[in-house]
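Using the working numbering, you'd call the opening residue of the sequence shown number 7 and step up by one each time.
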Amino acid sequence: VTGVDHDAATVELASATVAREHPNVSFELAGAVSYLGGAAAQRFDAIVCFEGLEHLAELDRALTLLREHAERGTALIVSVPNDKMLGEDNPFHLTKFGYDEARAAFGAFPRLVMLPQFLAEGSLICAPGAQEVAASVTLEGRDEPEYANHFLCFVNFEATDLERVHDGNLQVQAAPLFTRWG
7 VTGVDHDAAT VELASATVAR EHPNVSFELA GAVSYLGGAA AQRFDAIVCF EGLEHLAELD
67 RALTLLREHA ERGTALIVSV PNDKMLGEDN PFHLTKFGYD EARAAFGAFP RLVMLPQFLA
127 EGSLICAPGA QEVAASVTLE GRDEPEYANH FLCFVNFEAT DLERVHDGNL QVQAAPLFTR
187 WG
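In structure tokens:
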């Protein structure tokens, strides 16, 4: 596993912490676009980029390079936020993705499966000493990808494998400390 970032302090911290504890993990100082276009990127079976593309000044070049990797058989897992729907005004996002923009950006990728990611809110009522939690989640006809919080793009994966493994997965963690802080 190789992590790539253009910020030297981030690479130094990750190398001193994560890489020290995991010998199969390393970090390199490089810009995303130059790294994707270099020889080093050719050695990977998969490329993962969570919420990074919207920060790139050379988005079109990055998408072209990612598509070229995909066409050679490299698996891709990429996510972008739905800034347009959320009305988010993040000054660090150079590209504002919405549903249509995400589909257009990844539409030419081979074997693409785009999954919407919805954030959820809920309530947990818990008696003192409770040991188990019962929960159910339903979309109730609200599976509307254009209103997703993020779009996850999987390239060079079998759609049936994604459906079997990830039919619907909700991770919930009660966080009283966060509530107290908030």
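Even for Gly, the Cβ is constructed at its ideal location relative to N, Cα and C.
What whole-angstrom Cβ distance do ALA81 and LEU42 have, given they're in contact under 8 Å? Rounded, the Cβ-Cβ distance is 14 Å, inconsistent with contact.
Using the DSSP secondary-structure output, state which residues sit across from SER85 in a beta bridge. PHE56 and LEU158
Rounded to the nearest angstrom, how far is the Cβ of VAL10 from that of ALA38, given a contact under 8 Å? 7 Å
When DSSP labels each residue in this structure, what does ASP11 get in the three-state scheme? strand
Would you grab the beta carbon distance between VAL86 and PHE103 for me? Rounded to a whole angstrom, and I think it's under 8 Å. 4 Å
Could you pull out every residue in the same chain whose Cβ sits closer than 8 Å to the Cβ of GLU77, ignoring the five residues on either side in sequence? Within the same chain, GLU77 has close Cβ partners PRO116.
Where do the ends of the beta strand (DSSP E) carrying GLU34 lie? 32 to 35
Sequence-distant residues of the same chain with beta carbon closer than 8 Å to HIS12, five excluded per side: LEU35, ALA36, GLY37 and ALA38
Which word fits LEU59, buried or exposed, when buried means at least 16 other C-beta atoms lie within 10 angstroms of its C-beta? buried
From the DSSP output, read off the bridge partner residues of PRO122. Beta-bridge partners of PRO122 (DSSP): PHE157.
Taking its Cβ as the centre, do 16 or more other Cβ atoms sit within 10 Å of ALA154, making it buried, or is it exposed? buried
Going along the chain, which residues of its own chain have a beta-carbon closer than 7 Å to the beta-carbon of PHE112, five neighbours each way excluded? LEU118, MET120 and CYS159
Are PHE33 and VAL17 closer than 7 Å when you measure CB to CB? Contact flag set, yes.
I need the straight-line Cα distance from ALA22 to GLU57, nearest angstrom please. 24 Å
State yes or no: is the C-beta of HIS99 within less than 7 Å of the C-beta of ASP89? yes
Simplified DSSP state of ASP106, which is helix, strand or coil: Three-state DSSP puts ASP106 in a helix.
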